[in-house]
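**Q** Shown below is the structure under consideration.
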Amino acid sequence: MSTFKLTIMELVPIFVDDEGSVEGLFAVRYREGEPDEFERLFEQWDDSNFVLSYFLFNEEFLKDSYFDYYETFGHFDKAFNLSEKVEFEATQIYSLFIQYRLDGYKTSSGFLQTLFKPLEKEKKQFDEDSLQESKFKIEDKINNPQPILRLYGLRIEDNTFVITGGAIKLTHWMEHHHDTLEELNKLQKVKEWLLENDVTSQDDIKYSYYEK
Amino acid sequence: MKNENFRKLISNTPSKWEEKVNEKIEKPWLSEYSAKIARNISAILNTRDEFNQTDLAVLLGVERQYISRVLQGKENLSLQTIWKLSRKLEFELLDFPTYNFNVNEKLKYKEFRQSKENKNLEAMVIPFSPFKEQPDSTKVIYSYLKLKYAD
Numbered sequence: 001m002s003t004f005k006l007t008i009m010e011l012v013p014i015f016v017d018d019e020g021s022v023e024g025l026f027a028v029r030y031r032e033g034e035p036d037e038f039e040r041l042f043e044q045w046d047d048s049n050f051v052l053s054y055f056l057f058n059e060e061f062l063k064d065s066y067f068d069y070y071e072t073f074g075h076f077d078k079a080f081n082l083s084e085k086v087e088f089e090a091t092q093i094y095s096l097f098i099q100y101r102l103d104g105y106k107t108s109s110g111f112l113q114t115l116f117k118p119l120e121k122e123k124k125q126f127d128e129d130s131l132q133e134s135k136f137k138i139e140d141k142i143n144n145p146q147p148i149l150r151l152y153g154l155r156i157e158d159n160t161f162v163i164t165g166g167a168i169k170l171t172h173w174m175e176h177h178h179d180t181l182e183e184l185n186k187l188q189k190v191k192e193w194l195l196e197n198d199v200t201s202q203d204d205i206k207y208s209y210y211e212k
Numbered sequence: 213m214k215n216e217n218f219r220k221l222i223s224n225t226p227s228k229w230e231e232k233v234n235e236k237i238e239k240p241w242l243s244e245y246s247a248k249i250a251r252n253i254s255a256i257l258n259t260r261d262e263f264n265q266t267d268l269a270v271l272l273g274v275e276r277q278y279i280s281r282v283l284q285g286k287e288n289l290s291l292q293t294i295w296k297l298s299r300k301l302e303f304e305l306l307d308f309p310t311y312n313f314n315v316n317e318k319l320k321y322k323e324f325r326q327s328k329e330n331k332n333l334e335a336m337v338i339p340f341s342p343f344k345e346q347p348d349s350t351k352v353i354y355s356y357l358k359l360k361y362a363d
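Here the protein sequences come in this chain order: A and B.
My numbering applies: residue 1 is where the first sequence begins, and numbers increase by one.
My numbering applies: residue 213 is where the second sequence begins, and numbers increase by one.
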């Protein structure tokens, strides 16, 4: 059962169209006085103690073949290596978003919609339906071929996304770790909240298996 | 999308994400040094059930919040603090390489200085490193932790 208590306050602009439209990237702020999800995740991934402790606490998940890429010998080795990786990857992700904010995200090389992908395994393209569950991960086959950090959000429409959360991804299936399962729950809750506020109309809220 | 409905949900309080990211990018020593030291301290504390953040704060005579920030990798630690932490943790947090200025390298340096074309270039960069490759502190702590776990 989910422990997540939803008290959605508002949508915080991360970067938006300068022309006064609501096109752009937003993040949910769940509770008053707390940072929005985009800011909170940066703080979390940039906290050396949190990240190392997270990997030490989740020792059993590091034995998964998902982490075979890390040719290391012991639990501590993996935890150290992965902690450094998280720090590196977080900087990569947030630097990329700074670049998008500075260069504009609707240029030929920088459509915001190209950064996000549908969350559902079988879907390669976004549907025309709005409020589709989406994911972001860094694409860097040379320096970071197996990214471990994810941002999750809802696609409102082309170039407009709402980030609902993110996670250090330890299992192939989101349902197999309580943190990523919680992220699925958050996606659904925010979707319902947007629908209640008549942001869009959509009859079918899907809940099926999701990939990385 | 119904713009007006969406607009009603938008906050007037801006995000501070960019400010925080820029602060990190502008202070590379935090990720290259402070975070590494923080992970080492965190790992050591994890191996010692009888010794936690509060105990460390008491031993150092500082607030627990300060230790918390050190462990987050957010503190620009002074050499004095690193020295104190190393003594209390009984583990050297800074690892210095041995100065291996060996005979062959001395000869190379002498030849370089005496060569005609370089004779007058006193300020020229020495074309080799006097340091021999040494294991970095992270590898040293891996070995330490493996020993602890072996116990």
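A virtual CB, placed ideally from N, CA and C, is assigned to each residue, including glycine.
All figures in this text were calculated on a predicted structure; none of them were measured in a lab.
Label residue 260/A either buried or exposed according to how many other C-beta atoms from any shown protein chain fall within 10 Å of its C-beta, with 16 as the threshold for buried.
**A** Outside the displayed range of chain A (1 to 212) lies residue 260/A, so it cannot be described from this structure.
**Q** Look at the Cβ atom of residue 14/A, then the Cβ atom of residue 227/B, and state whether they are nearer than 9 Å.
**A** Taking 9 Å as the Cβ cut-off, residue 14/A and residue 227/B qualify as a contacting pair.
**Q** Listing by chain order, which chain B residues have their CB less than 9 Å from the CB of residue 10/A?
**A** Under the 9 Å cutoff, chain B gives 221, 222, 223, 224, 225.
**Q** Measure the alpha-carbon distance for residue 133/A versus residue 233/B and round it to whole angstroms.
**A** If I take the Cα positions, the gap works out to 26 Å.
**Q** If I measure Cβ to Cβ from residue 89/A and keep anything under 7 Å in the same chain, skipping five residues before and after, which residues do I get?
**A** If we look at residue 89/A and ignore the five residues flanking it on each side, its Cβ neighbours are 138, 144, 147, 148, 149.
**Q** Rounded to the nearest angstrom, how far is the Cβ of residue 285/B from that of residue 223/B, given a contact under 8 Å?
**A** Their Cβ separation, rounded to whole angstroms, is 29 Å, which puts residue 285/B and residue 223/B out of contact at 8 Å.
**Q** Please identify the residue among 183/A, 82/A, 184/A, 92/A whose C-alpha is closest to the C-alpha of residue 141/A.
**A** The shortest Cα separation from residue 141/A among 183/A, 82/A, 184/A, 92/A belongs to 92/A.
**Q** Under 9 Å, do residue 111/A and residue 155/A count as touching if we go by C-beta distance?
**A** No, they are not a contact pair.
**Q** Quick one, which residues of the region 24-55 of chain A are near chain B if we go by CB-CB under 8 Å, in chain order?
**A** Answer set for the region 24-55 of chain A: 26, 27, 29, 35, 36, 38, 39, 42, 43, 46, 47, 48, 49, 50, 52, 53.
**Q** Can you tell me the Cα-Cα spacing of residue 253/B and residue 306/B, whole angstroms?
**A** Rounded to whole angstroms, residue 253/B to residue 306/B spans 11 Å at the Cα level.
**Q** List, in chain order, every chain B residue whose beta-carbon is nearer than 9 Å to that of residue 13/A.
**A** Simply 222, 223, 226, 227.
**Q** Residue 251/B touches chain A at which residues, Cβ-Cβ below 7 Å?
**A** Simply 48, 52, 80, 83.
**Q** In chain A, which residues lie with their C-beta within 8 Å of the C-beta of residue 294/B?
**A** Within chain A, no residue comes near residue 294/B; the closest Cβ sits about 15 Å away, beyond 8 Å.
**Q** Looking at residue 171/A: is its Cβ nearer than 9 Å to the Cβ of residue 55/A?
**A** No, these two residues do not count as a Cβ contact at 9 Å.
**Q** Residue 94/A versus chain B: which residues are under 9 Å apart at the beta carbon?
**A** Residues of chain B passing the Cβ test: 229, 230, 232, 233, 236, 237.
**Q** In angstroms with no decimal places, state the Cα-to-Cα distance between residue 131/A and residue 188/A.
**A** About 10 Å.
**Q** I'd like to check one pair, residue 182/A with residue 166/A: are the Cβ atoms closer than 9 Å?
**A** No.
**Q** Tell me, please, which residues DSSP counts as bridged to residue 144/A.
**A** For residue 144/A, which the question treats as bridged, DSSP gives the partners 140/A.
**Q** What in chain B is Cβ-close to residue 197/A, meaning under 9 Å?
**A** Per Cβ cutoff of 9 Å: 217, 218, 220, 221.
**Q** Tell me whether the beta-carbon of residue 271/B lies closer than 9 Å to the beta-carbon of residue 264/B.
**A** In this structure, residue 264/B does not lie closer than 9 Å to residue 271/B by Cβ.
**Q** Within the same chain, show all residues whose beta-carbon is closer than 7 Å to that of residue 77/A, passing over the 5 residues directly before and after it, in chain order.
**A** Hits under 7 Å: none found.
**Q** Does any residue of chain A bring its CB to less than 9 Å from the CB of residue 255/B?
**A** With 9 Å as the cut-off, residue 255/B counts as an interface residue toward chain A.
**Q** In its own chain, which residues sit with a C-beta less than 8 Å from the C-beta of residue 300/B, not counting the 5 before and 5 after it?
**A** Excluding sequence neighbours, residue 300/B sits near 268, 271, 272.
**Q** In the region 219-259 of chain B, which residue ranges form an unbroken alpha helix (DSSP H) of at least 4 residues, counting only runs that do not cross its ends?
**A** For the region 219-259 of chain B, whole alpha helix (DSSP H) runs of length 4 or above, ordered along the chain, are 229-238, 247-259.
**Q** Taking the alpha-carbon positions, what's the residue 22/A to residue 277/B distance?
**A** Between residue 22/A and residue 277/B, the C-alpha separation is close to 40 Å.
**Q** If you draw a straight line from the C-alpha of residue 290/B to the C-alpha of residue 296/B, how long is it?
**A** Approximately 10 Å, taken between the alpha carbons.
**Q** Hey, would you say residue 283/B sits closer than 9 Å to residue 48/A, going by beta carbons?
**A** A contact, by the Cβ cut-off of 9 Å.
**Q** I want to see whether chain B comes within less than 9 Å of residue 194/A, judged by CB atoms only; does it?
**A** Yes, because at least one Cβ of chain B sits closer than 9 Å to the Cβ of residue 194/A.
**Q** Name the chain B residues whose beta carbon is nearer than 7 Å to that of residue 229/A?
**A** Outside the shown range of chain A, which is 1 to 212, sits residue 229/A, and nothing can be said about it.
**Q** What residue range does the beta strand (DSSP E) around residue 150/A cover?
**A** That run of the beta strand (DSSP E) goes 149-157.
**Q** By how many angstroms is the C-alpha of residue 292/B removed from the C-alpha of residue 9/A?
**A** Cα-Cα distance, rounded: 45 Å.
**Q** Decide if residue 239/B is buried, meaning its Cβ has at least 16 other Cβ atoms within 10 Å, or exposed.
**A** Under this definition residue 239/B is an exposed residue.
**Q** Within the 9 Å Cβ cut-off, does residue 150/A reach chain B?
**A** By this cut-off, residue 150/A is not an interface position.
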